[in-house]
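Residue 71 is where the sequence shown starts when you use the numbering used here, and the numbers rise one by one after that. We treat Cβ as the ideally placed atom computed from N, Cα and C, and that holds for glycine. None of these values were measured; they are calculated from a predicted model.
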Amino acid sequence: RHSGTYGWVFGQIRVDPNNEDRVFIMGVPMSVSEDGGKTFRRVPNIYHGDHHGLWIDPDNSNYIVNVNDGGIEISYDGGQTWRNSRNNLPVCQFFNVNYDLDTPFHVYGSMQDHGSFRAVVDLSRGRNAIPAQEFERAPGGEGSHHAIDPTNPNIVYSCGFYGMLSRTDLSKEGPAGSKLIVPRVFPDEQPLRGQWLAHFIISPHNPNIIYHGMQYLFRSRDRGDTWERISPDLTYFKPNEQGNIPYHTITAISESPLKYGLIYVGTDCGRVSVTKDGGKTWKEITTGLPYQKWVSRLVASKYDMGTVYLSQHGRADDDFAPYVWKSTDFGRTWINIAKGLPLGPVNVIREDPVDPNILYVGTDLGVYVSKDGGQSWQVLGSNLPSCYVRDLIIHPRDNIIVIATHGRGMWVMDANPVNEKPKRRPRFFFD
Numbered sequence: 071r072h073s074g075t076y077g078w079v080f081g082q083i084r085v086d087p088n089n090e091d092r093v094f095i096m097g098v099p100m101s102v103s104e105d106g107g108k109t110f111r112r113v114p115n116i117y118h119g120d121h122h123g124l125w126i127d128p129d130n131s132n133y134i135v136n137v138n139d140g141g142i143e144i145s146y147d148g149g150q151t152w153r154n155s156r157n158n159l160p161v162c163q164f165f166n167v168n169y170d171l172d173t174p175f176h177v178y179g180s181m182q183d184h185g186s187f188r189a190v191v192d193l194s195r196g197r198n199a200i201p202a203q204e205f206e207r208a209p210g211g212e213g214s215h216h217a218i219d220p221t222n223p224n225i226v227y228s229c230g231f232y233g234m235l236s237r238t239d240l241s242k243e244g245p246a247g248s249k250l251i252v253p254r255v256f257p258d259e260q261p262l263r264g265q266w267l268a269h270f271i272i273s274p275h276n277p278n279i280i281y282h283g284m285q286y287l288f289r290s291r292d293r294g295d296t297w298e299r300i301s302p303d304l305t306y307f308k309p310n311e312q313g314n315i316p317y318h319t320i321t322a323i324s325e326s327p328l329k330y331g332l333i334y335v336g337t338d339c340g341r342v343s344v345t346k347d348g349g350k351t352w353k354e355i356t357t358g359l360p361y362q363k364w365v366s367r368l369v370a371s372k373y374d375m376g377t378v379y380l381s382q383h384g385r386a387d388d389d390f391a392p393y394v395w396k397s398t399d400f401g402r403t404w405i406n407i408a409k410g411l412p413l414g415p416v417n418v419i420r421e422d423p424v425d426p427n428i429l430y431v432g433t434d435l436g437v438y439v440s441k442d443g444g445q446s447w448q449v450l451g452s453n454l455p456s457c458y459v460r461d462l463i464i465h466p467r468d469n470i471i472v473i474a475t476h477g478r479g480m481w482v483m484d485a486n487p488v489n490e491k492p493k494r495r496p497r498f499f500f501d
């Protein structure tokens, strides 16, 4: 029977512990049946949608707690009316984080169901006393990546649903400040496929060059005004595996900071490719990697031209093993560096901007750091909650770690205690 809701990735079922005929179905809206599933009706008076969890008090079925993309809602009358309890709770669901080079610098991120926001990271009170900040609206939608021009913090790129890339000039007000800069294909070609969080980057060699990933990799040399396709379809495209939500799409892009045109690309179907000549030729580099695991991040090393890091996850087939890989030969062979990480998907890997031996990973259980190139891992910090970390960055100028969680907001910490070199003590010689 149809419950009257759309479950998507968070569809769940809850049965009243005191009444087996009372069944709640969570989805975009939430439905309830009072007759064991024969009929359903919409649960009324809820402030928000996208319902992820429901708890029914086993001692009092009128007391129900619901968690959704708007926060927490509580009912004391069996779900007839609801009290919104999200105020002052740090439960924002961030998808991403990035930074500008303004002084003080801003962090940008997109939140589930609430759009994109930014905030200042204020270091004026000291690196160990960074105050909480009120976020303000920023370019982009709820599912966005952001990149900010390193030479002009007013130029913000944001990519919304399924590859809708925009460029915004914050110095201009109104619609004149934003421009949609999406690549196009010819009418007789396969339509472009972009992931919910379609990946794009600014080239580390030239801020006018943008790379944008759909099923192809596109390059713009003029900040997105015009585009050229520089790859074939880099996915394992199968028409019978397509649905309403795009699949076989690019999910990770990294260009080497040491060589222009050395670019790595990963996809949601597990394919990884490299070009050493700016897209003229491509090579698949999946030998030794697990079959069809979602590529969550690629990082071309800033310290060694042949070194690249890769993180993957297997949520699509209920595989929650951690996957983190390192290659020192441009992806020809891969070394597993996930040993010591807890069971759980790895969503991001970052290389430290100061010490080549330090790596960071964001997982479903928090942030872990390695100080020996991935041979061992330990929990980062002491007060970060054990939660779903979607993204993290280390500000290259101010050496501040910024962590975007999906459910506990955004966090910052001083990176100096992690990567600061010990000072040499003066040596004294005596006759």
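Roughly how many angstroms lie between the CA atoms of residue 504 and residue 398, to the nearest whole one?
-> An answer regarding residue 504 cannot be provided, because it is not within the stretch 71 to 501 covered by the chain.
Quickly, what does DSSP pair residue 324 with across the bridge? List them, please.
-> In the DSSP secondary-structure assignment, residue 324 is bridged to 334.
Relative to the alpha-carbon of residue 213, which residue among 128, 159, 268, 244 has its alpha-carbon at the smallest distance?
-> Looking from the CA of residue 213, the closest CA among 128, 159, 268, 244 belongs to 268.
Assumed close pair residue 447, residue 414 - CB separation to whole angstroms, cut-off 8 Å = In this structure residue 447 is not in contact with residue 414, their Cβ atoms being roughly 12 Å apart against a cut-off of 8 Å.
Segment contact flag, the segment 191-201 with the segment 472-490, C-beta cutoff 8 Å, min 3 pairs = Short answer: they touch.
From 435, 490, 457, 417, residue whose alpha carbon lies closest to that of residue 463 = Put simply, of 435, 490, 457, 417 the residue whose alpha carbon is nearest the alpha carbon of residue 463 is 417.
Following the continuous beta strand (DSSP E) through residue 198, name the residue where it begins and the one where it ends.
-> Per DSSP, residue 198 belongs to no beta strand (DSSP E) and is neither H nor E.
Taking DSSP as the reference, what is the three-state secondary structure of residue 488?
-> Reduced to three states, the DSSP call for residue 488 is helix.
Please state whether DSSP places residue 128 in a helix, a strand or coil.
-> Coil.
What whole-angstrom Cβ distance do residue 63 and residue 486 have, given they're in contact under 8 Å?
-> Past the edges of the chain, shown from 71 to 501, lies residue 63, and the structure says nothing about it.
What are the uninterrupted segments assigned as beta strand (DSSP E) that are 3 or more residues long and contained completely in the segment 253-314, given in chain order?
-> For the segment 253-314, the full-length beta strand (DSSP E) segments reaching 3 residues or more read 270-272, 280-283, 287-290 along the chain.
Residue from 149, 226, 88 whose Cα sits closest to the Cα of residue 179 = It is 226.
Rounded C-alpha distance that separates residue 381 from residue 97 = Going from the Cα of residue 381 to the Cα of residue 97 covers about 29 Å.
What are the start and end residues of the beta strand (DSSP E) that includes residue 435?
-> Counting along the chain, residue 435 sits inside no beta strand (DSSP E), nor does DSSP assign it H or E at all.
Touching or not, the segment 165-177 and the segment 125-143, by the rule of three or more beta carbon pairs under 8 Å?
-> Fewer than three Cβ pairs drawn from the segment 165-177 and the segment 125-143 lie within less than 8 Å of each other, which leaves the two stretches out of contact.
Helix or strand or just coil, what does DSSP make of residue 140?
-> Taken through DSSP and simplified to helix, strand or coil, residue 140 comes out as coil.
According to DSSP, is residue 205 helix, strand or coil?
-> DSSP places residue 205 in coil when its eight states are reduced to three.
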